[in-house]
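Heads up: the sequence lines are chains A and B, in that order. Count along the first sequence starting at 1, add 6, and that's the number in the working numbering. Count along the second sequence starting at 1, add 3, and that's the number in the working numbering. Read through the structure below, which is laid out as structure tokens, and then see the notes.
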Amino acid sequence: MNTTVIKTGAPMREADMNDATPKMEIRGVSKTYTTRKSETYALETTDLSIGTGEFVTIVGPSGCGKSTLMMIAAGLEEPSTGEILVDGSPAGPAGPKRSVVFQRFALFPSETVAQNIGFGLSVAHVSKVERTERIKEQLTLMGLEQFRNSYPKELSGGMQQRVAIARALIVRPEILLMDEPFAALDAQTRTVMQEEVSRLHRRMQSTVFFITHSVEEAVYLADRVVVMSKRPGRIKKEISIPHDAPWRTGDIEDAMTYGDFNELRKEIWDLVREEITTH
Amino acid sequence: MTVAVRSTRRAAPRKPSTQSMWRRELARGKSVLIGVIAAVVLVIIWYLLTLPGGLIQPLFLPPPQGVATQFITMLSEPYLGSTLWGHAIASLGVVLEAWALGGIIGIPLGIAVAWWKRARWIVWPLFQLIRPVPPLAWIPLAIVWLGIGDVARVAVVFVAALVPWVMNSIEAVRSIDPLLVSAARTLGASEPQILMRVVVRTGLPTILAGARIALGNAWTTLVAAEMLAATAGLGFVALNASRVLDLDTLLVAMGTIGILGAALSILISSAAQWIAPWAED
Numbered sequence: 007m008n009t010t011v012i013k014t015g016a017p018m019r020e021a022d023m024n025d026a027t028p029k030m031e032i033r034g035v036s037k038t039y040t041t042r043k044s045e046t047y048a049l050e051t052t053d054l055s056i057g058t059g060e061f062v063t064i065v066g067p068s069g070c071g072k073s074t075l076m077m078i079a080a081g082l083e084e085p086s087t088g089e090i091l092v093d094g095s096p097a098g099p100a101g102p103k104r105s106v107v108f109q110r111f112a113l114f115p116s117e118t119v120a121q122n123i124g125f126g127l128s129v130a131h132v133s134k135v136e137r138t139e140r141i142k143e144q145l146t147l148m149g150l151e152q153f154r155n156s157y158p159k160e161l162s163g164g165m166q167q168r169v170a171i172a173r174a175l176i177v178r179p180e181i182l183l184m185d186e187p188f189a190a191l192d193a194q195t196r197t198v199m200q201e202e203v204s205r206l207h208r209r210m211q212s213t214v215f216f217i218t219h220s221v222e223e224a225v226y227l228a229d230r231v232v233v234m235s236k237r238p239g240r241i242k243k244e245i246s247i248p249h250d251a252p253w254r255t256g257d258i259e260d261a262m263t264y265g266d267f268n269e270l271r272k273e274i275w276d277l278v279r280e281e282i283t284t285h
Numbered sequence: 004m005t006v007a008v009r010s011t012r013r014a015a016p017r018k019p020s021t022q023s024m025w026r027r028e029l030a031r032g033k034s035v036l037i038g039v040i041a042a043v044v045l046v047i048i049w050y051l052l053t054l055p056g057g058l059i060q061p062l063f064l065p066p067p068q069g070v071a072t073q074f075i076t077m078l079s080e081p082y083l084g085s086t087l088w089g090h091a092i093a094s095l096g097v098v099l100e101a102w103a104l105g106g107i108i109g110i111p112l113g114i115a116v117a118w119w120k121r122a123r124w125i126v127w128p129l130f131q132l133i134r135p136v137p138p139l140a141w142i143p144l145a146i147v148w149l150g151i152g153d154v155a156r157v158a159v160v161f162v163a164a165l166v167p168w169v170m171n172s173i174e175a176v177r178s179i180d181p182l183l184v185s186a187a188r189t190l191g192a193s194e195p196q197i198l199m200r201v202v203v204r205t206g207l208p209t210i211l212a213g214a215r216i217a218l219g220n221a222w223t224t225l226v227a228a229e230m231l232a233a234t235a236g237l238g239f240v241a242l243n244a245s246r247v248l249d250l251d252t253l254l255v256a257m258g259t260i261g262i263l264g265a266a267l268s269i270l271i272s273s274a275a276q277w278i279a280p281w282a283e284d
């Protein structure tokens with residue numbers, strides 16, 4: 007584990023964090039895009055471990071390769087070097103062990119909310135009874151019951167992203183990957199969604215790997231913030247956030263009233279800003 | 004967890020407001036009304052022009068009432084072997100057969116061409132060569148190979164219907180958002196599942212638009228084909244009527260061709276609405 011600061015949290019959780027095998031391990035991963043004319047070095051050799059139940063956010067300037075890292079972590083892109091391990095074994099091609107929530111929602115337009123949510127179960131031929139049960143559970147969890155028969159185009163952005171999160175959670179992934187999931191939402195909706203994801207994470211103890219360009223969001227949600235340099239991306243610094251941080255129970259607007267939160271935010275923002283202003 | 008509580012203050016799904024729906028209905032009603040008035044005015048002008056001693060001789064344009072009478076007569080009395088119904092059914096039968104055949108072959112062909120490179124390499128050059136040949140140019144060949152029966156006409160109409168089926172199926176697959184394919188893959192879908200459930204289903208509105216164009220093409224081609232080689236059908240009626248300068252019958256045939264063509268178009272648009280209700284308007 008690269009984590010250096012772990013403040014005391016719930017006992018069970020500490021046991022998880024000290025578990026020898028990380029939930030996901032990004033080992034020696036780099037990416038070079040080769041076209042006929044040129045080679046683009048998108049991602050320097052990167053190592054990162056994510057513990058079971060840990061919420062890791064990656065923040066960095068745009069174009070720093072954080073989305074590339076996410077695509078590789080999801081198995082949607084091949085790394086040029088290195089490998090992705092889940093529970094200590096090679097993760098293989100993309101699949102429901104690592105479900106993804108995308109910035110542009112990526113809901114299937116021809117399917118209703120309930121069908122979208124159940125997609126991962128029906129392609130795995132889960133029985134209709136169990137499918138119905140689990141879809142219902144997700145609809146309740148996400149507050150989507152009244153929209154079950156709506157089509158995505160009939161929903162607001164926030165609702166669409168709720169469907170996408172439910173669709174990713176229903177397959178019970180080992181790790182949930184989120185690629186700037188709230189970047190396309192308006193500010194108020196984003197605040198509400200951040201709080202819901204934070205609450206969901208604490209309740210379900212899910213492992214989350216979350217990409218964002220918002221420093222506040224990174225600090226507010228994370229157990230650990232990973233700061234990336236500009237292209238070619240590499241991990242610049244990892245900062246652990248106290249597990250018992252007082253802002254975890256409120257929304258991000260409340261969080262900004264805490265001095266500790268703002269200090270962390272400032273520290274991380276300075277790191278990010280160096281990457282934007284230096285050439 | 005207070006998610007359940009929060010849900011009560013969430014907004015209801017966006018629905019068009021009653022007011023805007025009213026306005027749309029009103030606009031639709033207005034446009035229909037204008038269309039009806041235009042048609043009535045046209046018939047009145049037609050009537051005035053063809054009055055005895057009027058500008059146009061009945062030999063060139065019979066009066067509307069004459070055409071209407073002929074229409075009613077033809078509904079019950081056979082003309083060249085069958086009633087107007089019979090001829091219409093003969094035409095529709097050939098069109099629907101050729102159109103359906105075009106879909107059965109065109110949809111998989113288009114999807115295959117768009118999805119698999121190898122299929123594209125094999126089929127595409129040949130298809131590009133055949134596409135610019137007007138369907139009617141196939142008629143001589145069809146007559147030589149297949150005679151002047153229904154089979155020859157189905158073959159010619161099939162060629163006309165096939166092209167839009169194929170083109171739109173290709174477009175349906177090509178226009179798929181790659182992110183949807185990625186999403187499906189991360190949820191554990193296999194390649195065939197992605198193709199059928201994501202790509203084809205999402206592209207269905209485009210394929211259905213192709214179906215409508217194909218049906219229009221088929222209908223116009225059929226009438227032309229019947230004029231050259233047929234023993235029944237609306238085009239056949241029109242051609243024979245013109246040969247004996249029976250303009251009443253000719254206009255009845257043309258009117259029927261127009262009405263049925265429009266009806267087919269409306270029918271397939273409504274079917275598309277029903278099959279793919281999620282499609283963008």
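From the three backbone atoms N, C-alpha and C, an ideal C-beta is built for every residue, glycine too.
field: Nearest residue (CA-CA) to A:S220, options A:G239, A:Y47, A:T63
entry: Checking every option, the nearest Cα to that of A:S220 belongs to A:T63.
**Report entry** Within 8 Å, strictly: CB atoms of A:G126 and A:R173
**Finding:** A contact, by the Cβ cut-off of 8 Å.
Helix, strand or coil: how does DSSP classify B:L104 here? The answer is helix: DSSP assigns B:L104 an H, G or I state.
Q. What's the C-alpha gap between B:L182 and A:A112?
A. If you draw a straight line from the Cα of B:L182 to the Cα of A:A112, it comes to about 6 Å.
Quick check on the DSSP output: what are the complete beta strand (DSSP E) runs of length 3 or more inside the stretch 46–127 of chain B, in order along the chain? Segments of the beta strand (DSSP E) lying fully in the stretch 46–127 of chain B: there are none.
So the candidates are A:D185, A:G69, A:G164; which of them puts its Cα closest to the Cα of A:E201? Comparing Cα positions, the closest option is A:G164.
Assign A:D185 to one of three DSSP states: helix, strand, or coil.
Looking at A:D185 - three-state DSSP - the assignment turns out to be strand.
Work out the CA separation of B:F130 and B:Y50 for me, nearest whole Å. Roughly 49 Å between the two C-alpha positions.
- Message: So, at 7 Å on beta carbons, what are the nonlocal neighbours of B:W281 in its own chain, with the 5 sequence-adjacent residues on each side left out?
- Response: Cβ within range, chain order: n/a, list empty.
Residues bridged to A:G239 (per DSSP): As a beta-bridge residue in DSSP terms, A:G239 pairs with A:L49.
Since A:Y39 is in the beta strand (DSSP E), which residue starts that stretch and which ends it? Note, A:Y39: beta strand (DSSP E), 30–40.
Worksheet item: What are the boundary residues of the beta strand (DSSP E) that A:E89 is part of?
Response: Segment 87–92, the beta strand (DSSP E) holding A:E89.
Practice task
Determine the direct distance from the alpha carbon of A:Y157 to that of B:V202, and round the result to whole angstroms.
Solution key: Straight-line measurement puts the Cα of A:Y157 at about 17 Å from the Cα of B:V202.
Original post:
If you drop the 5 nearest sequence neighbours on each side, which residues of the same chain put their C-beta closer than 7 Å to that of A:L277?
Top reply: Contacts found: V233, K242, K243.
* Asked: So the alpha helix (DSSP H) A:R254 belongs to, where does it begin and stop?
  -> No alpha helix (DSSP H) holds A:R254; DSSP gives it neither H nor E.
(message) Looking at B:V97: is its Cβ nearer than 8 Å to the Cβ of B:V160?
(response) Judged by beta-carbon spacing, B:V160 lies within the 8 Å limit of B:V97, meaning their Cβ atoms are closer than that value.
A:S246 - partner residues in DSSP beta bridges: DSSP, once it has assigned bridges, lists A:R230 as partnering A:S246.
Review point. Three-state secondary structure (DSSP) at A:L277?
Key: In this structure, A:L277 counts as helix in the three-state DSSP scheme.
### Query
A:I217 by DSSP, collapsed to three states: which one?
Per DSSP, reduced to three states, the secondary structure at A:I217 is strand.
Give me, in chain order, the residues of the same chain whose beta-carbon lies closer than 7 Å to that of B:S85; leave out the 5 immediate sequence neighbours on both sides.
Sequence-distant Cβ neighbours of B:S85 in its own chain, meaning closer than 7 Å and more than five residues away, are A235.
Practice prompt. Give a yes or no on contact between the stretch 106–120 of chain B and the stretch 164–183 of chain B, applying the rule of three or more CB pairs nearer than 8 Å.
Written response: Yes, the stretch 106–120 of chain B touches the stretch 164–183 of chain B.
Next on the checklist: Quick check on A:G94: buried or exposed, where buried means 16 or more other Cβ atoms within 10 Å of its Cβ?
Outcome noted: Looking at its Cβ environment, which holds fewer than 16 other Cβ atoms inside 10 Å, A:G94 is exposed.
inquiry  = Could you give the first and the last residue of the continuous alpha helix (DSSP H) run that contains B:V160?
reply    = Element bounds for B:V160: 153–177.
**Request:** Please list the partners that B:V201 has in chain A, where partner means a Cβ-to-Cβ separation under 8 Å.
**Result:** Chain A residues near B:V201: F114.
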